[in-house]
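Please read the structure below before turning to the comments.
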Amino acid sequence: MELEDLKKQLAEIEHQAKSLAAEVTHAEALRQVKARILGKKGTLGKLMGTIRDYAPEVRGQVGQALNAANKSVGRLFDECANRFREKESAADSARAGAFDPTLPGDREMPGNVHPVTAVQWEIERVFERLGFTVEAGPDMETEHYNFEALNIPATHPARDMQDTFWLANDRLLRTHTSPVQIRTMEKFGPPIRCIVPGRCFRYETIDASHENTFHQCEGLMIDKDISIANLIAVMRLLLREVFQRDVKIRLRPGYFPFVEPGFELDMSCLICGGDGCATCKRSGWIEILPCGMVHPNVLRFGGIDPHVFTGFAFGLGLTRLAMMKYGIHDIRVMNSGDLRALVHPARLAGPTITGTLPLVIHGAETSGDAPGG
Ligand code: DAH
20 MELEDLKKQL AEIEHQAKSL AAEVTHAEAL RQVKARILGK KGTLGKLMGT IRDYAPEVRG
80 QVGQALNAAN KSVGRLFDEC ANRFREKESA ADSARAGAFD PTLPGDREMP GNVHPVTAVQ
140 WEIERVFERL GFTVEAGPDM ETEHYNFEAL NIPATHPARD MQDTFWLAND RLLRTHTSPV
200 QIRTMEKFGP PIRCIVPGRC FRYETIDASH ENTFHQCEGL MIDKDISIAN LIAVMRLLLR
260 EVFQRDVKIR LRPGYFPFVE PGFELDMSCL ICGGDGCATC KRSGWIEILP CGMVHPNVLR
320 FGGIDPHVFT GFAFGLGLTR LAMMKYGIHD IRVMNSGDLR ALVHPARLAG PTITGTLPLV
380 IHGAETSGDA PGG
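In short: position in the sequence shown from 1, add 19, done, that's our numbering.
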């Protein structure tokens, strides 16, 4: 290559280096551009090696031209690298400068158990002291355990009230914890003393007091000579422990196919002491749980002779109880992940009844017709 051509080419390379250096935005890109030009196989790097190809009399000039180009391109890239370094340290100091000691720090949110879990543990503790075991059954049930064996045949109108999610495998999502009554009878035989806390499901339109997923706690006691007196004594003890005070209770007749007789157990309203207020709808009583003496057919389905053994059962709405205890007015909060709901159990020194904490969403009251929820 003629010296003149070489000089032209070097000028072009310098020009290209300049525009590339102006374009790169970070160190890695710069390194690549540098390699493309100054590297051994780079446009300028390659030319540097050609000096030997020139006649000795022009070598001096060729060398000068090459060195000058090499230096100027090198300087260009050095400046570019410096620019990046400055930018980075400016960002560092901006970050450091952003620290404002007067701002509140990151608040640590202590973990907490869900209100339903808190109430469940409390109930388990009470019943374990009475010699009850804690049993469990599947969420996905058979029609037999959920209905049939509980004295609710296919044609029974009670099935309408417990519509649920039917699965492709002929199973269903259990509508209550009662099927575990039968499972426990089959598993252990009499005598039985157990509770069954667990998740239940209903095909419901969701509102402040209805959810498609909620928790119940079943109770079952079977032995010789078990009577309604035992039921009343156990229920009174349970409510006293949960609400930390003596509560008045009353039984009203209630119909459930799997108990006979069946009752609705009411508790005197803890807000007004029984005088009547908005929470108890002026009645002085709050419906707390359905219960009754286990129907002979149910005992038979569980393989127990009803002429020898009797028993009582109850179905406590765990979700509803947790809402009452912690003053949560909207059932939708319970499955929502709303952290305000988690503030309740651990923070409250003692038991608190409806209306003490401002967790009211859409202002709805829990009503007595929640589906065991
Ligand atoms: N399983 C019933 C329901 O979800 C509640 C119930 C009522 C359970 C009476 C019982 C009982 O054990 O004795 O509606």
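All C-beta atoms in this analysis are idealised placements derived from N, C-alpha and C, irrespective of residue type, glycine included.
Predicted, not measured: the structure shown is a model, and the values here were computed from it.
Report yes if the C-beta of His-195 is less than 7 Å from at least one heavy atom of ligand 3; otherwise report no.
-> Ligand 3 is absent from the structure shown, which contains only ligand 1.
DSSP on Leu-397, reduced to helix/strand/coil?
-> A query on residue 397 cannot be resolved here, the shown segment of the chain reaching from 20 to 392 and no further.
If you draw a straight line from the C-alpha of Gln-263 to the C-alpha of Leu-289, how long is it?
-> 11 Å
If we count Cβ pairs, one from each stretch, closer than 8 Å, do we get three or more for the stretch 89-101 versus the stretch 25-40?
-> yes
For Leu-250 versus Cys-213, is the C-beta spacing smaller than 8 Å?
-> no
Beta-carbon proximity of Ile-350 to His-234, cut-off 8 Å = no
At a cut-off of 7 Å, is Phe-184 close to ligand 1 when judged by its beta-carbon and the heavy atoms of the ligand?
-> no
Over what stretch of residues does the alpha helix (DSSP H) that includes Ala-425 continue unbroken?
-> This structure cannot settle anything about residue 425, because the visible part of the chain is limited to 20 through 392.
Is there contact here, the stretch 58-68 with the stretch 123-137, by at least three beta-carbon pairs under 8 Å?
-> no
Among Val-215, Thr-298, Met-20, which has the Cα closest to the Cα of Thr-152?
-> Val-215
Taking Phe-220 and Phe-184 to be in contact with their CB atoms under 8 Å, please state how far apart those CB atoms are, rounded to whole angstroms.
-> 6 Å
Is there at least one non-hydrogen atom of ligand 1 closer than 7 Å to the beta-carbon of Ala-9?
-> The requested residue 9 does not occur in the structure, where the chain is confined to residues 20 to 392.
Close-in-space but distant-in-sequence residues of the same chain around Leu-337 (CB under 7 Å, 5 per side omitted) = Val-135, Val-138, Gln-139, Pro-216, His-234, Gln-235, Cys-236
Answer with buried or exposed for His-163, where buried requires no fewer than 16 other C-beta atoms within 10 angstroms of its C-beta.
-> exposed
Quick one, are the C-beta atoms of Gly-321 and His-195 less than 8 Å apart?
-> no
Between the beta-carbon of Gly-330 and the beta-carbon of Pro-280, is there less than 8 Å?
-> no
Note the first and the last residue of the continuous alpha helix (DSSP H) segment covering Ala-341.
-> 337-345
For Pro-315, collect the residues of the same chain with a Cβ closer than 6 Å to its Cβ; drop the 5 residues on either side in sequence, then sort them by chain order.
-> Pro-325
Note down the Cα distance separating Asn-170 from Ile-201, rounded to an integer number of angstroms.
-> 11 Å
With 16 other Cβ atoms within 10 Å as the buried cut-off, status of Ser-407 = This structure cannot settle anything about residue 407, because the visible part of the chain is limited to 20 through 392.
Given a cut-off of 8 Å, decide if Arg-218 and Thr-203 are closer than it, judged by their beta-carbon atoms.
-> no
In whole angstroms, what separates the C-alpha of Pro-120 from that of Ala-113?
-> 15 Å
With 16 other Cβ atoms within 10 Å as the buried cut-off, status of Thr-208 | Sequence inspection shows Gly at residue 208; the Thr mentioned does not correspond to that position. Exposed, by the Cβ-count rule.
For Phe-275, verify whether its CB is less than 7 Å away from any heavy atom of ligand 1.
-> yes
Asp-388 - DSSP class collapsed to helix/strand/coil | Only weak support exists for where Asp-388 lies, its pLDDT of 38 falling under 50; the value from the coordinates is given anyway. It is coil, neither helix nor strand.
Mind checking which residues open and close the beta strand (DSSP E) that includes Trp-304?
-> 304-313
Could you give the distance in angstroms between the alpha-carbon of Leu-367 and the alpha-carbon of Leu-361?
-> No answer about Leu-367 holds up, because its pLDDT of 41 lies below 50 and its placement is not dependable.
Taking C-alpha atoms, which residue in Ala-87, Leu-284, Cys-99 lies nearest to Arg-50?
-> Cys-99
Which of the three DSSP states, helix, strand or coil, is assigned to Gln-263?
-> coil
Is any heavy atom of ligand 1 found at a distance shorter than 7 Å from the C-beta of Cys-236?
-> no
Would you say Val-278 touches ligand 1, meaning its beta carbon is less than 7 Å from a heavy atom?
-> yes
Separation of Ala-332 from Thr-161, as counted between CA atoms | 21 Å
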